[in-house]
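Numbering (my numbering), first residue to last: 300 to 586.
Here a beta-carbon is modelled for each residue, glycine too, at the ideal position from N, C-alpha and C.
Here the structure is a predicted model, which is why all the values come from computation and not from measurement.
The following block contains the structure:
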């Protein structure tokens, strides 16, 4: 590069751009974080390489923004794959500064999750008209929470376990309540005694709290760029909407509120409005 600059072969504006690019490639910025473990299956995370660019590309899937991580030497889209997704090809729409939109494909492999049969109070399965109306109101509100997108990037994509205890392999379970099939389980259950403190697995902002029919006392955190986490069945909530919490800050305590068979934490991780397996984000999971 220096030869061309001395010889005057490149116009000044191109020479400056080249110098900026060279500097950017040699110094990885703070937003180049360790990625979650890749598992491109329904309920998993696809890591889609987008190549180099001086400015981070914008990516979306089915019109929903996707978290992009990396540095000018190479960017990666971190894509949550819906549990209901069919195996096969999916497409990202990618926009790079000054270029037309491009389509980048990735493959979703098949996966088989286990089935679990549970007995709960009949009123938690066959809802009364009043409870059904409440659930519908709560579902509409939750859809608004799920659509949260903040421009600030997460501090990390490696999360700490929010409560000590035995982690079940419950994510993706096809649950059958009182012999009636329901949607797959969209989180990780962690067994712990009632009252055990629940802490933030990464820095974030509290975007919702409430007492929900199925989820009981619940807290939602926004970590940035579509990475959200949810904590359900709490015995108490120790934060309020708008609070900024640091990694390890207490947000509540384990309980058995809502539809629960005993004290435990239901922990969900969401990317681009999609529940994904929290185990892929646990610190040390690797890529």
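Looking only at 343, 380, 367, the smallest Cα-Cα distance to residue 361 is reached by 380.
The shortest CA-to-CA distance from residue 333 to any of 453, 479, 462 is the one to 453. Its chain contains 472 as the residues whose beta carbon lies nearer than 6 Å to that of residue 413, once the 5 sequence neighbours on both sides are disregarded; these appear in chain order. For residue 380, no beta strand (DSSP E) encloses it, and the DSSP letter there is neither H nor E.
Residue 398 and residue 536 have their alpha carbons spaced roughly 47 Å apart. Cβ-Cβ separation between residue 461 and residue 498: approximately 6 Å, consistent with a contact (criterion under 8 Å).
Contiguous beta strand (DSSP E) elements confined to the stretch 400-486 occur at 401-407, 414-417, 473-476, 479-483, taking only those with 3 or more residues. Counting only runs of 3+ residues, the beta strand (DSSP E) found wholly inside the stretch 520-549 occupies 526-533, in chain order. Under DSSP, residue 345 shares a beta bridge with 378. For residue 436, the closest alpha carbon among the candidates 345, 513, 540 is that of 513. Taking 8 Å as the cut-off, the Cβ atoms of residue 526 and residue 570 count as close. The residue among 409, 368, 560 with its C-alpha nearest the C-alpha of residue 421 is 560. Distances from the CA of residue 430 to each of 522, 565, 558, 542 were compared; the closest alpha carbon is that of 558.
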